[in-house]
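Student: Taking this note's numbering, I'd label the letters of the sequence shown as residues 1 to 328.
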Amino acid sequence: MKPAMETAAEENTEQSQERKVNSRAEMEIGRYHWMYPGSKNHQYRPVPTLGDRAGPLSSPGCFECCIKCLGGVPYASLVATILCFSGVALFCGCGHVALAGSVAILEQHFSTNTSDHALLSEVIQLMQYVIYGIASFFFLYGIILLAEGFYTTSAVKELHGEFKTTACGRCISGMFVFLTYVLGVAWLGVFGFSAVPVFMFYNIWSTCEVIKSPQTNGTSGVEQICVDVRQYGIIPWNAFPGKICGSALENICNTNEFYMSYHLFIVACAGAGATVIALIHFLMILSSNWAYLKDASKMQAYQDIKAKEEQELQDIQSRSKEQLNSYT
1 MKPAMETAAE ENTEQSQERK VNSRAEMEIG RYHWMYPGSK NHQYRPVPTL
51 GDRAGPLSSP GCFECCIKCL GGVPYASLVA TILCFSGVAL FCGCGHVALA
101 GSVAILEQHF STNTSDHALL SEVIQLMQYV IYGIASFFFL YGIILLAEGF
151 YTTSAVKELH GEFKTTACGR CISGMFVFLT YVLGVAWLGV FGFSAVPVFM
201 FYNIWSTCEV IKSPQTNGTS GVEQICVDVR QYGIIPWNAF PGKICGSALE
251 NICNTNEFYM SYHLFIVACA GAGATVIALI HFLMILSSNW AYLKDASKMQ
301 AYQDIKAKEE QELQDIQSRS KEQLNSYT
């Protein structure tokens, strides 16, 4: 009898609340009619509830979908990817053309004998092939890191949904952290190596500027100002002529090959520096995302335990109610 009485009391309470709501709505409508007499002929329809509004028109619009999509974009990874692509493209493209121009300058002015710079030509050709491989690898690696950024961003933003991070995903994120660290150290070496030809061309250019200066122009000491590329170790000491002096050196500095190669080496060095910055940026992003995934896995384990305990509590309550009903 007791559950029946409680049910009747609850129904009476709900009916009384509905009467209060209806009476309040009628009072508001009457007040509106009293203030605006011309509105009595209007028909008032009840406001639809959430259940009534659930339909095709209740789906989110284009603006909401765009906001949701923009919220899941890893902007930090996107900026790092663009910077990485730009730096690698500058280094590979400008470095390839600058190496070809350097070989032309060397063959025409500093080493007329082909056997003297044959090894250098092979090394430069090998470096050009390496540049092709670097460009292809980093194009693919940048896309993978961007996809990993989307993965981790979705994992963090959908932590309370059906998305579940796995141990394999966290292991892959940790592997990317290690690999990006190794590549960053390697690119520091590439950046330092790319500064060597810039230093060499700068010495040649500064020597030409000394020759063009008014203090030395027109004097006999101009022919004593020379540049010897053999001291850099790129060609052997028995290479001929190996050393250019005076007006011949000035003519080299005025050629398009020297001008283009010098500036392209500067741009390539800047591209290598931009790639180093991009990899450092990637390293920070990957470390942060790995930490987020680790915290997300702990939170998921806690939520699973909590849901299991709540389910057990509901089962106990339902069994206790069934036993109580059986006694009554």
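All C-beta atoms in this analysis are idealised placements derived from N, C-alpha and C, irrespective of residue type, glycine included.
All of these numbers come straight from a predicted model, not from anything done at the bench.
My parser needs the alpha helix (DSSP H) runs of 4 or more residues fully inside the stretch 105-131; what are they?
Tutor: Runs of the alpha helix (DSSP H) inside the stretch 105-131: none found.
Student: CB Leu286 to CB Thr180, shorter than 7 Å?
Tutor: Contact flag set, yes.
Student: Can you tell me the Cβ-Cβ gap for Ala272 and Phe91, rounded? I've got them flagged as a contact below 8 Å.
Tutor: Contact holds; Cβ gap of about 5 Å.
Student: At what residue ranges does the stretch 182-210 contain a whole run of the beta strand (DSSP E), taking only runs of 3 or more?
Tutor: As far as the stretch 182-210 is concerned, it has no whole beta strand (DSSP E) run of at least 3 residues.
Student: Looking at the structure shown, is Ile225 part of a helix, part of a strand, or coil, going by DSSP?
Tutor: Looking at Ile225 - three-state DSSP - the assignment turns out to be coil, as it is neither helix nor strand.
Student: Please determine, among Leu99, Phe63, Phe193 and Cys65, the residue with the shortest C-alpha to C-alpha distance to Tyr262.
Tutor: Looking at the Cα atoms, Leu99 is the closest of the given residues.
Student: Indicate whether Val177 and Trp290 have their beta-carbon atoms separated by less than 7 Å.
Tutor: Yes. Within cutoff.
Student: Rounded C-beta distance between Ile211 and Gly246? I'm assuming under 8 Å.
Tutor: Yes, they are in contact, since the Cβ atoms of Ile211 and Gly246 sit about 7 Å apart, within 8 Å.
Student: Could you round the C-beta distance between Phe265 and Pro197 to whole angstroms and report it? I think they count as a contact, below 8 Å.
Tutor: Their Cβ separation, rounded to whole angstroms, is 5 Å, which keeps Phe265 and Pro197 in contact under 8 Å.
Student: Assign Phe144 to one of three DSSP states: helix, strand, or coil.
Tutor: According to the sequence as given, residue 144 is Ile; it is not Phe. Note: Ile144 maps to helix in three-state DSSP.
Student: Decide if Ser288 is buried, meaning its Cβ has at least 16 other Cβ atoms within 10 Å, or exposed.
Tutor: Answer is exposed; the Cβ neighbour count stays below 16.
Student: On the CB-based measure, 16 or more other CB atoms within 10 Å of its CB, does Gly95 come out buried or exposed?
Tutor: Classification for Gly95: buried.
Student: Grab the span of the alpha helix (DSSP H) containing Ile235 for me, first residue to last.
Tutor: Segment: none, Ile235 is in no alpha helix (DSSP H) and carries neither H nor E.
Student: Less than 8 Å between C-beta atoms, sequence neighbours within five positions excluded: which residues of the same chain meet that for Asn238?
Tutor: Closer than 8 Å at the Cβ level, and outside the excluded window around Asn238, lie Asp116.
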